[in-house]
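Numbering (our numbering), first residue to last: 447 to 1371.
Notes to accompany the following structure.
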Amino acid sequence: MPKSLYLIDGHAQIYRAYYAPFRDLTSPTGEPTRATYVFFQMLLSILRSRRPDYLAVVLDADESQLLRKQLYPQYKANRDPAPEDLEIQERRIITLLETAGVPMLRLTGHEADDIMATLVRRIDDPDLHVYLVSRDKDLDQLLSPRVSLYDPLKDEVVTPERLVERKGWRPDQAIEAQTLIGDTVDNVPGVPGIGEKTAAKLLAKYGSVQGVIDHANELSPKQRENVLAFRELEPITRQLVTLRDDVPIDFDLSAAEVPRIAWQRLRPLFAELGFRGLQEDLPAGDAGPPVPPPARAAPPAPTPADPPRGRVNLRAAATALREPAHCQYERVDTPALLASLCQQLAARPEFCVDTETTGVSPIDCDLVGISLAWEVGRASYIPVRSFFGAALPLDLVRERLGPLLADPSKRKIGQNIKYDLLVLRQAGLPVAGPLFDTMIAAFVLDPLAGSYGVDALCLRYFDFKKIATHELIGKGKQQITMDQVPPELITQYAGEDADYTWRLFRLLEPALAPAGVARLFDELEMPLVTVLAEMELAGIRIDVEFLRGLGEQMAARTEAIAREVHGLAGVTFNLDSPKQLAEVLFDKLGYRVVRTTKTARSTDAETLEALGEETGHPIFSLLLEYRELQKLRGTYVDALPAARSRRTGRVHTSYHQTGAVTGRLSSSEPNLQNIPIRTELGRQIRKAFVPRSADEVLVVADYSQVELRMLAHFCQDEALLHAFAEDQDIHAVVAAQVNGVPLDAVTREMRGRAKAVNFGIIYGQTAFGLAAATGMSRTEAQRFIDAYFARYPRIRGFIDETVAAARREGGVRTLYGRWRPIEGLDSRNPTLRNQAERFAVNTVIQGSAADLMKLAMVRLHARLHHEQLPLRMLLQVHDELVCEGPRATAADLAAVLREEMSTAMQLRVPLKVDVACGENWLEAK
């Protein structure tokens, strides 16, 4: 039985995973993970069902560097740029593969197909069967008795015999067939009108492309015309579809042995991503250092582990912190040991603190123990709750350790330290003093790395695999809590947490200043940790009765819609089933199919909207309303009451400072960032957010047009600066100036178009996008955009200067110094280059607006504490800040809120803040 080598076409499988008909997934920190999950589901399925002996992943080089583009510049020029969330997941997948030590082959100028062809030619071993994991038709030419294609989705093996059955030609005829057909996906020219069936017939009759050309007079008039016109392109197409088998790349087959790959190193990373099922599918094996990748003839494309241009190389700097290998972790379970520990801490200006708890919610869990560290290789663990009895009384810990935690002169270091602040506060151990969060430090240094959990950081920088949480407490129904873990085990686990967080602190702190992000970290992100902790601790009250009544109304409406739809369709079916809905709309009612996915005819919202506009039939608006109601019920109406804390009865969302590369906050458990506001039904959800008592009201502040004000600040256009200084309607002003009419002659349509362009500029809107947003023709939209830039040339100047600076520096910075690397600015592919330019401009504007909101929150928090004002910050959503305070002084508190937010930054335009009070969030909006 020959051994097997599986070569995975990496980028093709990542794209396939991204577009797979699978539900959207995000990690607990808000990172998109659908493609990542589906890719590794595919990979682990291959390991489980096909049992390969060897495995490697082959990757394409950057499209702008492909040798085929030098031959034919239009090659792949018709491809749309990859979505941003796909790029994030692609980097994540590559990082995970590298972590496990999966060999990855990549070479500048070459595509994965060429590398596969080279390996197939080079590995001439009758005792090794090569499986190419891909559906790429260019690979048909490589099929032989020892080379097959494998489709993991269909679990189908394509052999030379199967190729003949399916397509009608042999592997040695594949180049001839592809030359005739061309490739519309890669923009490779072929003979118009010739597809697989026609190509098979022509090759069966004439043997080759040249044979077809020589016998063109025997073809139909149209086919003869097309074939003869193709003669000049034939040599180019033939070179484009012929795979190179002489790529100068090194490959050590022994390094690809599946047992040598450290699959278990992915376990903690899968846990962070929420891939619980996949963790169990990981093969057993080495969990030590990953197998080093084989030498490459050219460096791979940058991954999140690579230092950004001009930055500190953290991997190299981490070398000195990887020792000692033998660590000393002490359990402090007697008063004498506690006294000794506190004496040592008292002599230190800073120390690391970490907590172990009975659960993941900092509001509802109980403190189990506290671990502390202040030098590499040493840590102490104080148990305060244990089923084994080896614990100190919490009162004693409050008495001895409490003053040190509350000492404002000592800096406290932690990993996701906000969680620890909340847990310790709940346990009667408030923390004061400067903070250093290693998770946030890693994020501001490299905002594209994807994962910032302690397990991932330890692997990334120290090549160290920490003890996984599930190794202590298990999973599922058999899961125990940390206080049930034996003292020796939890001491080792907690000691590791504190020790390696200290090492991360030692690694990351010196890198902040050289990277230009020290001010951002010290003045904005770290003070904000305390602000967010207090907001999360406060929580917000939910009107459960209102939501119950709203849910009943929505349920009645959805039932009524279902009856009405059934009547219009003339058949009863499940409105929640896309398959049944497609059958009714397209088969029974005969409406046209707008678009298809890889597996079905689409019935998504865009399709329903298009058919509704096209036909005017009421069934489409009813279906859209039904879906909105179902989404609101499942996401908010039913979910919010269940999200309340069992201790407080309020909702305590968790805010994340590492969730968006622009610096915006994200939230989870529950996610309150996406509560809809544009529809009446969505606005009703906000009525459920109310003050905690009848004596209080909600006070809501909202920055007005903050991103447009940032644009005016950066571009310094006099007309925009004047409009904002005079508090004019900016959209009306722009409409008047672009259309050349007086301000009082601006129509609603003119203002709407101007508004669409004003906001679209920030996101790099094209004429196509403006046309779709306003109903203009594409020609009209382009004329409007041209007129806009002609009237406001400084906006174009700002955009050009921002892109040029990003190209020089490798990224962009916000007003407060936040750094975002920008890839693709030098791409020869115009779509990729334009996308990178949009990212650069959007990051400067949106990221600076995020800086402003965070600074305002920090300033407001300081003033509230300094003046002891009874205003509590509760929520931060987009440009809004939701607070609550006494009804009697609401007007005064609103004035404070407006003052702090409007003066947080000194821009070239005034900051306008709308503030209102109300009995609920909607009323105060």
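In this text, a Cβ means the ideal position worked out from N, Cα and C, and glycines have one as well.
These numbers come from a predicted model, not from an experiment.
Exposure label - Val1017; buried when at least 16 CB within 10 Å: exposed
Met562 vs Leu585 beta-carbon contact at 9 Å: yes
Report yes if the C-beta distance between Gly962 and Arg1259 is below 9 Å; otherwise report no. yes
Considering only residues of the same chain and omitting the five flanking positions on each side of Tyr898, which have a CB-CB separation below 7 Å? Met885, Ala888, Phe889, Thr1104
Can you check whether the CB of Val799 is closer than 9 Å to the CB of Lys858? yes
Do you know how far the Cα of Arg994 is from the Cα of Arg1138? 18 Å
So what does Leu550 bridge to, in DSSP terms? Strictly speaking, residue 550 in this sequence is Met, with Leu absent from that position. Answer by DSSP bridge pairing, in chain order: Val503.
Rounded to whole angstroms, what's the CA-CA distance from Ile1065 to Glu1010? Just pull it up for me. 8 Å
Which term fits Glu845, buried or exposed, when burial requires 16 or more other beta carbons within 10 angstroms of its beta carbon? Within 10 angstroms of the beta-carbon of Glu845 lie fewer than 16 other beta-carbons, which makes it exposed.
If we call anything under 9 Å between Cβ atoms a contact, is Thr1004 one with Tyr775? Contact flag unset, no.
Quick check on DSSP: helix, strand or coil for Glu1365? coil
Please say whether Val1328 and Leu974 have beta carbons closer to each other than 9 Å? no
Contact under 9 Å by Cβ, Ala1213 with Arg1224: yes
What does the alpha-carbon distance come out to for the pair Val1179 and Ala1169? 7 Å
Where Pro750 and Leu760 are concerned, what is the direct C-alpha to C-alpha distance, given to the nearest angstrom? For Pro750, the predicted structure reports a pLDDT of 32, less than 50, and the residue's modelled location is therefore unreliable. The matter cannot be settled from this model.
Would you call the CB atoms of Thr1108 and Arg1253 closer than 9 Å? no
What residue range does the beta strand (DSSP E) around Val1187 cover? Segment: none, Val1187 is in no beta strand (DSSP E) and carries neither H nor E.
Pairs of beta-carbons, one from the stretch 674-681 and one from the stretch 859-878, closer than 8 Å: are there three or more? no
Quick one, which of Tyr518, Phe721, Thr804 has its alpha-carbon nearest Glu509's? Tyr518
Would you call Asp1173 buried or exposed, if buried means 16 or more other Cβ atoms sit within 10 Å of its Cβ? exposed
With DSSP collapsed to three states, give me the class of Asp1148. strand
C-alpha distance - Asp1360 paired with Pro1116, whole-angstrom precision: 26 Å
May I have the straight-line CA-CA distance separating Leu891 from Thr1289, to the nearest angstrom? 16 Å
Any 3 or more C-beta pairs closer than 8 Å across the stretch 484-498 and the stretch 684-693: no
Contact between the stretch 1070-1081 and the stretch 955-972: three or more CB pairs below 8 Å? no
Write down the C-beta distance between Ser832 and Pro933 rounded to the nearest angstrom, noting that I regard them as a contact closer than 8 Å. 6 Å
Which residues in the same chain as Leu1068 place their Cβ atom closer than 7 Å to its Cβ, once the five residues preceding and following it in sequence are excluded? Ile1007, Glu1010, Val1011
Can you check which of these residues, Pro572, Asp506, Glu530, Leu532, is closest to Gly555 by C-alpha distance? Asp506
So, at 7 Å on beta carbons, what are the nonlocal neighbours of Arg1197 in its own chain, with the 5 sequence-adjacent residues on each side left out? The beta carbon of Arg1197 sits closer than 7 Å to those of His1177, Ala1178, Ala1181, all from its chain and outside the five residues before and after it, given in chain order.
With 16 as the cutoff for other CB atoms within 10 Å, does Met1319 come out buried or exposed? buried
Supposed contact pair Tyr483 and Leu471 - C-beta distance, whole angstroms, cut 8 Å: Contact between Leu471 and Tyr483 holds: their C-beta atoms lie close to 5 Å from each other, under 8 Å.
Under 9 Å, do Leu686 and Asp632 count as touching if we go by C-beta distance? Yes, Cβ-Cβ distance for Leu686 and Asp632 is below 9 Å.
From the DSSP output, in three-state form, read off Glu1269 for me. Glu1269: coil per DSSP, three-state reduction.
The stretch 529-536 / the stretch 565-582 touching (three or more Cβ pairs under 8 Å): Contact fails: fewer than three Cβ-Cβ distances are below 8 Å.
With a Cβ-Cβ cutoff of 9 Å, do Asp812 and Arg1092 count as a contact? In this structure, the beta-carbon distance from Asp812 to Arg1092 does not fall below 9 Å.
Per-residue burial, Arg497 [other beta carbons within 10 Å of its own, 16 or more giving buried]: exposed
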